Amino acid sequence: MSEIVITNPANFDAPRPTIPLPRGPIPAAPPKIARRSIDIKIDGQAISVPEGSTILDAAKELGIETPTLCYLESLTPVNVCRVCVVELEGSRTLVPACSRKVEPNMSIKTDSERVRLSRRIVLEFLASSVDLSTAPNMREYMDRYDAHPERFGETRATVAQPIKIDNDLYVRDYSKCVLCYKCVEACGVDAQNTFAIAVAGRGFSARIATEFDVPLPDSACVYCGNCIGVCPTGALMFKSEYDMRQAGTWDEARQTQTDTICPYCGVGCDLTVHQQDGKIVRVTSPLDHSVTHGNLCIKGRFGWQYVQIQPADPPEE
Amino acid sequence: MDIHLTNAQATAEERVAVDSELGVPASSWQGGQRQTSDTRAAYNGDSHGQRHRLLPTLHAIQNGIGWISPGALNYVALRLDIAPAEVHGVASFYGMFALEARPRIVAHVCDDIACITRGSQQLCAELESTLGPAGSPCSGGRAIWLRSQCLGLCERAPAVLISSAGEKSHERVLAPASARAVQFLLDDAIQDRLPAEPDVLDLKASVPQAAQKSSSPPLRLLHRISQGCATTIETYQKFGGYEGLRKAIALGPEGTLRELAASKLLGRGGAAFPIAKKWEALFLQRNLLQQDSGRAHYVICNADESEPGTFKDRILMEGDPFAVIEGITIDGFVTGARQGYVYLRGEYPLAAERMQHAIDSALENGFLGENILGSGLQFNIEIRRGAGAYICGEETALFNSIEGYRGEPRNKPPFPTQSGLFRQPTAVNNVETLVNVPGIIRDGGAAYAKLGTDNSAGTRLFCLCGHIAKPGVYELAMGATLRQLIDLAGGVAGNGKLQAILLGGAAGAFVSPKELDTPLTFEGTRAIGATLGSGVVMLFDETVDLRQILLRIASFFHHETCGQCVPCRVGVTRQEESLLRLVSGKPLGSAAQEIAMLREMGQAMRDASICGLGQTASSAIESALQRWSIFS
Ligand SMILES: Cc1cc2nc3c(=O)[nH]c(=O)nc-3n(C[C@H](O)[C@H](O)[C@H](O)COP(=O)(O)O)c2cc1C
Ligand code: SF4
Ligand code: SF4
Ligand code: SF4
Ligand code: FES
Ligand code: FES
């Protein structure tokens, strides 16, 4: 940085930040307003759901399963993947179930020809351009909609690119990125407010990137790992998991999950510790936990090596 | 915000460019000189909430330096209190911004569909042999030429736009262009000899109806342009200017809305939405606009015109800018907005100059600002330049673009009249729609509704280009047939035989010569599965290989999709691949199978995409497949 220029201290007039002092008792939360019920019809079944619910919520109530990819209850819906589209009577186009709020007398079809065609093609578009080998739900969706991504031929464009390993904590393999915007939201306004990554470029070459693609250690990243927590495809992955997958030792069937509380600070985040063969292999946090909503900081997320019995460093000769 | 930056520093020149837009920084927290006061408190001045100045600031760097370096980007991040990754995300969204060093002088050479009919392929081939391949520096590394999408100069095809960055930045249009002329202009730019005066609107080349001494019925939208002298506010008033605003003020907002409703005017930007309904939606929310409510209304003139083949809005702004301003002012008066924006396509230098001049003179003469015409109306207009992204013409993408975000469309609902620019109720209208307004108010809505047909009232501007004898913008009452319009423009160029007509632009539809008796109305074109769209009427004679035209349209959408939603982002890519295979005679399976796949993709894009771009990106191709068997 440039050196300090001392202006005349007598004229010194720094803006003074003021911290408002708390006054009086903490106000009580406003009473919960009872939400109006909205009557709609899904696949011929009538249902009544509270105002503000989405079509997805209502479908879930009825036990209708809707595929989703970019949706997560803890994030603002971006409705970009379009795998959840449904047919709404009177609408020219299909609408995204994950974000469209119910309105009185909506009549919705979730399994019509049009819906099935669009869902199938969206899945084919994704699977033909992105490596979905570590995306658990996708195989199931593709079977359900009979998707055949290979029909676009051998020469089709994909997002394949070299994996980014530029730090010890997590790897970024954007060949697996479906551009669901979740990591950007988790890094930004929905959780971390760090804004280390953003969507860059346009169109088919749009991608998740730091400024000018600088390596993570040069970026604003604070390694909270909240992006890994929300990534639906394994594009963002713990280095520990990545190394084990490379070595062929990753085996979720042999893993246990233990819920505990982070020992580091007074926030008291809920941790789910994933362990395999006596070693912690990754740490997550439950999405529905009132303190974390799935988010942690670098300590809770990555700072567990001390639990492991470390082999002593060989004494120096 | 706590901003983390890399070590890249802005050069002095880059700082000057940024400061020219944002002023000198107040403290080291904003990237200025460090002072004692800065050591005592984290203070980033008023930069918070200034994100909407991001796009103009990026323009300032691009114009001043020729590209946006990591150091310059860091400085902008600091000045505006935005994370650098976000600034980069925004800058990399726009085609006009270069994020790698490149020569200051750039020739953008249009190779889009209208220019193809007028020799752009030969032009590009010649440039390749004289200057070298597109995209690599030429003239001793001091200039570069790039292939470009439609530049909105299709009536003078083939078109070239030269931009020269630096302290004195210039943009000059060359149309019709030849390889020699491009080279001369590049040399002039290199030697800093570009003429200081802007280009002029050539009436003979662009508005053929202006040459006819008297047309009957008189032109409503083009009559002042035809006078050729509407660049000062005095002449504008001499030809009826500001009579509409005066009458609107006399009628009051409700009376004005009544006239608009009676006129049955539908939006000319593509969606054909009734203007009265849109404005009324804002008017009805006026009671919420009390002082300190934190609410505001905005009106926006959509002048981003980038639909291939469209140039009418450019000609209106170049030839009759005060009429656009008057239309926006009436819009503000009715809707209760105090601020209007013109979102003006980045590649329109003359239109921007004329519009800015019109705003300045209106302000000087009391037609904008405080207490307009003594009525108490307070209203201002600001121009925001686009930066090479077709999608920013979509109204919700336009909001994001003005606000300093990536120009990605928002999901609807909520609709703009509820939550638009800065999440406030907003009315967006096309330039042509707004230019209709003053005349409607002046002559009464009923008189306007008598023109045209029952469901398509009024007159309409058509952009004739391609193989037409006299290309240019034409005004006709709606209801005239396609044949009448083509005859008016002198028929097919060079006695060629007509093969196909593209109606409504790249997002429109092809029609065949058998459909020439279709009336040019919203309902008439809909009946044959086409659309008026943005008023494009592009002719192709039999010498054209329609397959190449389809491929160019597919490549346009591939280039212009914002990339947000899967059906469009991957769909336009697969669509282009599929067409390429068909054109090169190597379909996957049989041609019929490939076409079936193409159509199935089109259906999903239409049904599942977020916005109009993805929903219409397959329509021109689909229309051609329906009419001709060009791939068998
Ligand atoms: C991809 C896309 C591009 C658009 N581009 C423009 C444009 O350049 N100019 C325009 O007026 N409207 C454009 N529109 C339509 C606008 O979204 C909007 O409907 C229009 O500006 C409303 O004005 P109007 O009611 O006066 O027609 C575009 C729409 C889409 C989907
Ligand atoms: S990296 Fe993961 S979370 Fe981020 S956009 Fe890609 S798929 Fe989504
Ligand atoms: S994860 Fe971080 S914030 Fe949460 S308890 Fe642990 S140390 Fe504290
Ligand atoms: S349809 Fe295309 S342009 Fe529109 S939001 Fe989706 S990706 Fe972007
Ligand atoms: S889950 Fe609804 S659009 Fe992605
Ligand atoms: S200017 Fe070339 S196609 Fe429009």
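Protein chains in written order, with this note's numbering: chain F, 520 to 836; chain L, 3 to 634.
Using N, Cα and C, we set each Cβ at its ideal position, and we do this for glycine too.
Quick caveat: nothing in here was measured; it's all calculated off a predicted structure.
Have a look at the DSSP bridge pairing and note the partners of Trp147 of chain L. Numbered from its first residue, the second sequence carries residue 147 of chain L at position 145. L:Ala109, per the DSSP bridge assignment.
Looking at the structure shown, is Thr132 of chain L part of a helix, part of a strand, or coil, going by DSSP? The sequence position of residue 132 of chain L within the second sequence is 130, counting from 1. Reduced to three states, the DSSP call for Thr132 of chain L is helix.
Three-way DSSP call (helix, strand, coil) for His812 of chain F in this model: Here residue 812 of chain F refers to the residue found at position 293 of the first sequence. If DSSP states are grouped into helix, strand and coil, His812 of chain F belongs with coil.
Residue environment, Thr595 of chain F, which counts as buried when at least 16 other CB atoms sit within 10 Å
Along the first sequence, one-based indexing puts residue 595 of chain F at 76. Looking at its Cβ environment, which holds fewer than 16 other Cβ atoms inside 10 Å, Thr595 of chain F is exposed.
Notebook entry, point to check: Do you know how far the Cα of Val703 of chain F is from the Cα of Lys818 of chain F?
Noted result: The count along the first sequence starts at 1 and reaches residue 818 of chain F at position 299. The count along the first sequence starts at 1 and reaches residue 703 of chain F at position 184. Roughly 21 Å between the two C-alpha positions.
Checklist line | Own chain, CB closer than 6 Å to Ala666 of chain F, minus 5 neighbours either side, in chain order | finding: What you label residue 666 of chain F is simply residue 147 of the first sequence in a count that begins at 1. Same-chain partners within the cutoff: Arg639, Leu642 and Glu643.
Here's the rule: buried if 16 or more other CB atoms are within 10 angstroms of the residue's CB, otherwise exposed. What is Phe285 of chain L?
Locating residue 285 of chain L in the second sequence gives position 283, where the first residue counts as 1. Phe285 of chain L should be labelled buried.
- Kindly list, in the order they appear in chain L, the residues whose Cβ is closer than 9 Å to that of Val749 of chain F. The residue you call residue 749 of chain F lines up with position 230 of the first sequence. What Val749 of chain F touches in chain L: nothing, since even the nearest Cβ is about 17 Å away.
May I ask whether a heavy atom of ligand 3 can be found less than 7 Å away from the beta carbon of Leu815 of chain F?
For the purposes of this step, residue 815 of chain F is taken as residue 296 along the first sequence, with counting starting at 1. Yes, ligand 3 has a heavy atom inside 7 Å of this Cβ.
Original post:
For Phe633 of chain L, which three-state DSSP category applies?
Top reply: By one-based count along the second sequence, residue 633 of chain L stands at place 631. Phe633 of chain L: coil per DSSP, three-state reduction.
Alpha carbon to alpha carbon, what distance is there between Tyr345 of chain L and Thr428 of chain L? As a working note, residue 428 of chain L is residue 426 in the second sequence. As a working note, residue 345 of chain L is residue 343 in the second sequence. Whole-angstrom Cα-Cα distance: 13 Å.
Q.
To the nearest angstrom, how far is the alpha carbon of Thr233 of chain L from that of Ala360 of chain L?
A. Counting from 1 along the second sequence, the entry for residue 233 of chain L is found at position 231. Counting from 1 along the second sequence, the entry for residue 360 of chain L is found at position 358. The alpha-carbon atoms of Thr233 of chain L and Ala360 of chain L are separated by roughly 8 Å.
Under the DSSP definition of a beta bridge, which residues are partnered with Tyr343 of chain L?
Reading the second sequence from its first residue, position 341 is the one you call residue 343 of chain L. Paired residues: L:Ile302 and L:Glu384.
**Item:** Meets three-Cβ-pair contact criterion under 8 Å: the stretch 503-523 of chain L and the stretch 622-629 of chain L
**Value:** yes
Please say whether Tyr77 of chain L and Val20 of chain L have beta carbons closer to each other than 8 Å? Locating residue 20 of chain L in the second sequence gives position 18, counting from the first residue. Locating residue 77 of chain L in the second sequence gives position 75, counting from the first residue. In contact: Val20 of chain L and Tyr77 of chain L (Cβ atoms closer than 8 Å).
Quiz item: Helix, strand or coil for Leu505 of chain L per DSSP?
Solution: Position 503 of the second sequence, counted from the first residue, corresponds to residue 505 of chain L. The answer is strand: DSSP assigns Leu505 of chain L an E or B state.
| task | Starting from the Cα of Pro569 of chain L, find the closest Cα among F:Gly797, F:Cys600, F:Met625 and F:Asp762 and give me that residue. | result | Taking the second sequence and counting its residues from 1, one reaches residue 569 of chain L at position 567. Cα-wise, what sits closest to Pro569 of chain L is F:Cys600.
According to the neighbour-count rule (16 or more other Cβ atoms, all chains shown, within 10 Å of its Cβ), is Leu290 of chain L buried or exposed?
Position 288 of the second sequence holds residue 290 of chain L. It is exposed - the Cβ of Leu290 of chain L has fewer than 16 other Cβ atoms within 10 Å.
From the DSSP secondary-structure annotation, give me the bridge partner or partners of Cys467 of chain L. Counting from one through the second sequence, the residue named residue 467 of chain L turns up at place 465. The partner list for Cys467 of chain L (beta bridge, DSSP) reads L:Met540.
- Query: Taking DSSP as the reference, what is the three-state secondary structure of His560 of chain L?
  - Reply: Numbered from its first residue, the second sequence carries residue 560 of chain L at position 558. Helix, per DSSP.
Checklist entry - Is the Cβ of Thr59 of chain L closer than 8 Å to any Cβ of chain F? => result Reading the second sequence from its first residue, position 57 is the one you call residue 59 of chain L. Answer no: the Cβ-Cβ gap between Thr59 of chain L and chain F never drops below 8 Å.
Since Met756 of chain F sits in a beta bridge, which residues does DSSP pair it with?
Locating residue 756 of chain F in the first sequence gives position 237, where the first residue counts as 1. Paired residue(s): F:Val690.
inquiry  = Using a Cβ-Cβ cutoff of less than 8 Å, which residues in the same chain neighbour Ile330 of chain L once the five nearest sequence positions on both sides are dropped?
reply    = The residue you call residue 330 of chain L lines up with position 328 of the second sequence. Result list for Ile330 of chain L: Val301, Cys303, Gly342, Val344, Ile383 and Leu436, in chain order.
- Task: Using a Cβ-Cβ cut-off of less than 9 Å, give me the residues of the stretch 86-107 of chain L that come near chain F, in sequence order.
- Result: Pro86, Ala87, Glu88, Val89, His90, Gly91, Val92, Ala93, Ser94, Phe95, Tyr96, Gly97 and Leu101
Check: What span of residues does the beta strand (DSSP E) with Leu7 of chain L cover, start to end?
Finding: Taking the first residue of the second sequence as position 1, residue 7 of chain L is located at position 5. Premise fails: Leu7 of chain L is in no beta strand (DSSP E) and is neither H nor E.
* Taking the C-alpha atoms as reference points, what is the distance between Leu80 of chain L and Gly614 of chain L? -> The sequence position of residue 80 of chain L within the second sequence is 78, counting from 1. The sequence position of residue 614 of chain L within the second sequence is 612, counting from 1. If you take the alpha carbons of Leu80 of chain L and Gly614 of chain L, they lie about 36 Å apart.
Report task. Could you tell me which chain L residues have their CB closer than 7 Å to the CB of Gly672 of chain F, listed as they occur along the chain? Result -> Reading the first sequence from its first residue, position 153 is the one you call residue 672 of chain F. Under the 7 Å cutoff, chain L gives Leu590.
Residues near Pro58 of chain L by beta carbon distance below 6 Å, same chain, minus five either side = Your numbering for residue 58 of chain L matches position 56 in the second sequence. Result list for Pro58 of chain L: Glu23, in chain order.
| message | In this structure, how does DSSP classify His793 of chain F when only helix, strand and coil are distinguished? | response | Here residue 793 of chain F refers to the residue found at position 274 when the first sequence is read from its first residue. DSSP places His793 of chain F in strand when its eight states are reduced to three.
If you measure from the beta carbon of Arg721 of chain F to each beta carbon in chain L, is any gap under 8 Å? Taking the first residue of the first sequence as 1, we reach residue 721 of chain F at position 202. Taking 8 Å as the CB threshold, Arg721 of chain F lines the interface with chain L.
*Leaving out the 5 sequence neighbours to the left and right, which residues in its chain are closer than 7 Å to Ala278 of chain L when beta-carbon positions are compared?*
Within the second sequence, residue 278 of chain L is the residue found at index 276, counting from 1. Leu259, Leu262 and Ala263, listed in sequence order.
| Residue closest to Ile530 of chain L, alpha-carbon to alpha-carbon, out of L:Ile470, L:Val439, L:Gln628 and L:Asp489 | Counting from one through the second sequence, the residue named residue 530 of chain L turns up at place 528. When only C-alpha atoms are compared, the closest one is L:Gln628.
Nonlocal neighbours in the same chain, by C-beta distance under 7 Å from Trp823 of chain F, ignoring five residues either side = As a first step, residue 823 of chain F is located in the first sequence; it is residue number 304 there, counting from the start. Around Trp823 of chain F: Ile799 and Val802.
Three-way DSSP call (helix, strand, coil) for Gly573 of chain L in this model:
Within the second sequence, numbered from 1, the residue matching residue 573 of chain L stands at position 571. Taken through DSSP and simplified to helix, strand or coil, Gly573 of chain L comes out as helix.
Next item on the list: In the DSSP assignment, find the unbroken beta strand (DSSP E) run with Tyr476 of chain L in it and report its ends.
Entry: Translated into positions along the second sequence, residue 476 of chain L becomes position 474. Where Tyr476 of chain L is concerned, the enclosing beta strand (DSSP E) stretches over Gly474 to Ala479.
By Cβ distance, which residues of its chain are closer than 6 Å to Gly334 of chain L, with the 5 residues on each side in sequence left out?
On the second sequence, position 332 is the one that residue 334 of chain L refers to. Val301, Gly342 and Phe381.
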